[in-house]
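Heads up: the structure comes next, in structure tokens.
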Amino acid sequence: MTALELLKFMLPDFLVDHFEVVSTSNTEEVLHLYFEEKIKPPQEFNALELVSKGFMDEITIQDFPLRGRFVYLHIKRRRWTNKANGEIIKRDWTL
9 MTALELLKFM LPDFLVDHFE VVSTSNTEEV LHLYFEEKIK PPQEFNALEL VSKGFMDEIT
69 IQDFPLRGRF VYLHIKRRRW TNKANGEIIK RDWTL
């Protein structure tokens, strides 16, 4: 089993497919996993010229405990700007 397959076993597929693990923090009681959305514009906006303009505010989700540790997922979604009109675009994730 690869590391990616293992992550998909423990976490929702969309999280592993669309986000990168950028950092982790581990203590005896708590595991923090930090994710950033990959630099891939939403498919529904393929016809537009989009530029990544950083991230939305980070959200934190408490996940199921893992091996006796509390698990927190820290997720940063990407913000895109339409070059033609300056409109801000983001994916509508249901987290």
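In our numbering, the protein residues as written are 9 to 103. Every residue, glycine too, gets a C-beta built ideally from N, C-alpha and C.
- Ranked by how close their Cα comes to the Cα of Glu-66, the residues Asn-93, Asp-25, Arg-86, Arg-75 have Arg-86 in first place.
- Burial state of Phe-22 is exposed, judged by a 10 Å Cβ sphere holding fewer than 16 other Cβ atoms.
- Looking at the DSSP output, Lys-84 shares a beta bridge with Glu-44.
- Distance from the Cα of Glu-45 is smallest, within the candidate group Ala-92, Lys-91, Thr-89, His-82, for His-82.
- When DSSP assignments are scanned along the region 53 to 79, the uninterrupted stretches of beta strand (DSSP E) that are 3 or more residues long and fall wholly within it turn out to be 58 to 63, 67 to 74.
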